Amino acid sequence: MSEPIIKVAILCFTDQGLSIAKTLQKEFYRSKILTTRDTTSSKDIKQIDSVAELMKNSFHNYDAWIFIGALGICVRSIAHHIEDKTTDPAVINIDDQGKFVQSVLSGHIGRANVVTKQISKILDAQAVISTSSDLQELWALDTLAERYRWKVKSSISTNEIISLFVNRKSTALILKTKDKGTQYLEKTCPDFVDIFYNLDDCDINEYELLIYIGYEVFDSKTPIISYYPACIAIGSGCAKDIEPSLLIKGLESALEKENVAIESVYAIGSATIKNKEQAYLDFAKQYNIPFITYSGEELNTITVANPSEVVKKKVGVYGVSEAAAALIADQSTWLTEKTKVLTQSGKKFTYAFSLLSVYERKASIAIVGAGSGDPELLTLKGQYILENADCILYAGSLVPEALTHMAKEGALVRNSASMTLEEQVAIMDQYYAQGKSIVRLHSGDPSIYGAIQEQMTIFDEKGYEYYIVPGISSFQAAAAHLKSEFTIPEIAQTIILTRGEGNTPMPEHEKIADMAKLRATMCIFLSVGIAKKIQEQLLEHYPEDTPLAILYRVSWPDEQVWTGKLSELTTIIKENKLTRTVMIVVGEAIGARKNRSWLYDDKWHHIFRKKEKTIQS
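Here this note's numbering runs 1106 ahead of the position in the sequence shown, where the first position is 1.
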């Protein structure tokens, strides 16, 4: 997730400290320099007379304080203003020679440790961090909830939980749901932590600490910290003007009965005719969740598990609670199907619970871009998915086998080069039915001549979950090899990715000769067999001496690259007997080294490089 922009105060006491402060100010967009030195004041630099007065009036007005000077000055300055680690700003101290950067206060929650590491890289200084979990590269249990927008509860104090964890006591990590946070935990799991995906699979008495992520509530003598993503949808129908207190109490009891934590509730939903029902409005307000209503037409799009003819006659739908829960959760199943409740006043309501589909642990298919050939050009996300996949199908003629060596022990790895689409899908069907993780590994980037459309059509028909992980395309690898920027100011600001018309017809409006009129940087795929035709079409608008590059298996160990002029295209291909896996690039941008960008010009100002306005002091 993206890091928040923080408001930073940089406090310095010497000329050398002021120089360091000015360097840091360029890195922290919302920062202000405060100094005891004589200086020309501006809106971003201010001279101060008293540090004590500054701390008294402004300590909690900034997200972070960076002191540049002796650590003792820093400690004495902040001592009387420290209140609570959940509200105190981050405090970092740097010596005025810029050799050491020390996290002083609010290391985790205030992000002082993160800022300390950031500054150490800016100044090429030594970061000094004393937080045990950071030194051991363990999870910061006190900031996980904020980082991933979870709610948190623990059976003992958070400090006691953290103490057990940093002392590496035997820990069970129970992952009932799935999101970016749980993926991070799986990827970075320490060796003293065992992972489980269901409570029933874990003997909690064997562990000294439990870490749970999900929606369940359970009793345990073992200390436990539970994180609750907002992942549960409540659907409900009720009698008109039901008493708010009774509905709220009834829903709370229902959650308790089903062992579902109220902290995990994402929203409550009902029919549109209930959009002003005070009981629902009060419940939503009390727990700070949305109240969502649906029309009868929307509710009827869901085939409910427990249809009611009575409800159909009254409100025109076969079920409100199940349908509303399913619509909120984007689901067709329920954790709890429609349940009727009779309140003390004699009025009734129903409820149903569903798990939001995005949090469900289920089979998935990842269409992963393998990159242009060099295994090191695989993305980090692609690597993680490959390392954890249960089934990998890869196009062996186009994807390096070395990438499949990342597969975990026991994973199925098959070369699909000799398979039909139907044979590939049959294998995926088998693993999908088991709730497994499947990877379809494609060369380059899947969105560029990846032949994934027909696969996704089948996945859609089967209702399969799938997603795409981008990869480095061969045209990008070509630019890297050629040390070229394909978009040069005033020369070429457009890149065309295309192919020639061979056995597969081209759309009438995408003829190479027509696109050549733009004289953009043109990257031509899959066309080496019709090189003469391509050359003739390009020469209709590009000059004969237009720079040319022909790249064979670019970024592979056996890559070969030829450069020349457009007039030499056919000759190079014939002389080198090139027949496949060739990229043709044409355009003035190849190898160009002129026409400076305005982006870094000293006269070009923007929100991150403002024009200085001095104020006379």
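Note that beta-carbon positions come from the ideal geometry of N, C-alpha and C, so glycine has one too.
Computed from a prediction, not measured in an experiment: that's the story for all the values here.
Problem set entry | Cβ neighbour criterion (16 or more within 10 Å) applied to A1622 | In the sequence shown, residue 1622 corresponds to position 516, counting from 1. Burial call: buried.
- S1370: which of A1429, E1362 and T1141 sits nearest, CA to CA? For this step, residue 1370 is matched to residue 264 along the sequence shown. With distances taken between Cα atoms, S1370 lies closest to E1362.
- Hey, is F1324's beta-carbon within less than 8 Å of any beta-carbon in chain B? No chain B is present in this structure, which holds just one protein chain.
- Message: For the segment 1373-1381 against the segment 1393-1408, do three or more pairs of beta-carbon atoms, one drawn from each stretch, fall closer than 8 Å, so that the two count as touching?
- Response: yes
**OP:** Please state whether DSSP places I1235 in a helix, a strand or coil.
**Re:** Residue numbering aside, residue 1235 sits at position 129 when the sequence shown is read from its first letter. Reduced to three states, the DSSP call for I1235 is coil.
Residue range of the alpha helix (DSSP H) that includes F1581:
Counting from one through the sequence shown, the residue named residue 1581 turns up at place 475. From DSSP, the alpha helix (DSSP H) with F1581 extends over S1580 to H1587.
Could you tell me the alpha carbon to alpha carbon distance between E1607 and K1617, rounded to whole angstroms? Taking the sequence shown and counting its residues from 1, the one referred to as residue 1607 is at position 501. Taking the sequence shown and counting its residues from 1, the one referred to as residue 1617 is at position 511. Looking at the two C-alpha atoms, the distance is approximately 8 Å.
Q: Can you give me the Cβ contacts of T1685 inside the same chain, cut-off strictly under 8 Å, excluding the 5 residues immediately before and after it?
A: One-based indexing of the sequence shown puts residue 1685 at position 579. Contacts found: V1634 and G1635.
Review point. What residue from L1547, V1416 and G1670 has the CA that sits closest to R1520's CA?
Key: Locating residue 1520 in the sequence shown gives position 414, where the first residue counts as 1. Minimum Cα distance to R1520 is reached at L1547.
Cβ separation of A1458 and E1428, assumed to be a contact under 8 Å, to the nearest whole Å
One-based indexing of the sequence shown puts residue 1458 at position 352. One-based indexing of the sequence shown puts residue 1428 at position 322. Correct: roughly 4 Å between the Cβ atoms.
Which residue marks the beginning of the beta strand (DSSP E) containing A1115, and which one marks its end? Residue numbering aside, residue 1115 sits at position 9 when the sequence shown is read from its first letter. Residues K1113 to C1118.
task: Can you tell me the Cβ-Cβ gap for D1202 and G1175, rounded? I've got them flagged as a contact below 8 Å.
output: Locating residue 1202 in the sequence shown gives position 96, where the first residue counts as 1. Locating residue 1175 in the sequence shown gives position 69, where the first residue counts as 1. With a Cβ gap of about 6 Å, D1202 and G1175 count as contacting.
- From this set, N1304, R1136, T1677 and L1632, which residue's C-alpha is nearest L1654's C-alpha? Here the question's residue 1654 lines up with position 548 in the sequence shown. Considering only alpha carbons, the answer is T1677.
**Report entry** Status (buried if at least 16 other CB within 10 Å, exposed otherwise) for I1721
**Finding:** Within the sequence shown, the letter at position 615 stands for residue 1721. Caution is warranted here: a pLDDT of 46 is assigned to I1721, below 50, making its placement in the model unreliable, and the coordinate value is therefore given only provisionally. With fewer than 16 other Cβ atoms within 10 Å, it is exposed.
So, under 8 Å CB-CB, V1210 and C1180 are touching, yes? Tell me the CB distance rounded to an integer number of Å. By one-based count along the sequence shown, residue 1210 stands at place 104. By one-based count along the sequence shown, residue 1180 stands at place 74. With 8 Å as the limit, V1210 and C1180 qualify as a contact, their Cβ atoms being about 6 Å apart.
field: I1301 versus S1524: straight-line alpha-carbon distance, rounded
entry: Counting from one through the sequence shown, the residue named residue 1301 turns up at place 195. Counting from one through the sequence shown, the residue named residue 1524 turns up at place 418. If I take the Cα positions, the gap works out to 38 Å.
- request: Kindly indicate the opening and closing residues of the alpha helix (DSSP H) around V1157.
  value: Sequence index remark: in the sequence shown, residue 1157 carries index 51 (1-based). Its alpha helix (DSSP H) spans residues V1157 to S1164.
Report buried or exposed for P1611, applying the criterion of at least 16 other Cβ atoms within 10 angstroms of its Cβ. Within the sequence shown, the letter at position 505 stands for residue 1611. Counting Cβ neighbours within 10 Å, P1611 comes out exposed, since fewer than 16 surround it.
- What are the boundary residues of the alpha helix (DSSP H) that K1286 is part of? For this step, residue 1286 is matched to residue 180 along the sequence shown. Looking at the DSSP string, the run of the alpha helix (DSSP H) that includes K1286 is K1286 to K1293.
Touch test, the segment 1460-1472 against the segment 1350-1366, Cβ-Cβ under 8 Å, three pairs minimum
no
| request: Taking all protein chains shown into account, decide if I1154 is buried (16 or more other Cβ within 10 angstroms of its Cβ) or exposed. | output: The residue you call residue 1154 lines up with position 48 of the sequence shown. Exposed: under 16 other Cβ atoms inside 10 Å.
Rounded to whole angstroms, what is the Cα-Cα separation between Y1303 and W1256? Walking along the sequence shown from the start, residue 1303 turns up at place 197. Walking along the sequence shown from the start, residue 1256 turns up at place 150. Their backbone Cα atoms lie some 18 Å apart in a straight line.
What are the start and end residues of the alpha helix (DSSP H) that includes Q1392?
-> The residue labelled residue 1392 in the question sits at position 286 within the sequence shown. Counting along the chain, the alpha helix (DSSP H) containing Q1392 begins and ends at Q1384 to Q1392.
Exercise. Please classify N1682: is it buried, with 16 or more other beta-carbons within 10 angstroms of its beta-carbon, or exposed?
Key: Here residue 1682 refers to the residue found at position 576 of the sequence shown. The residue in question, N1682, is exposed, as its Cβ has fewer than 16 Cβ neighbours within 10 Å.
Would you identify the three-state DSSP class for Y1537, choosing helix, strand or coil?
Position 431 of the sequence shown holds residue 1537. DSSP places Y1537 in helix when its eight states are reduced to three.
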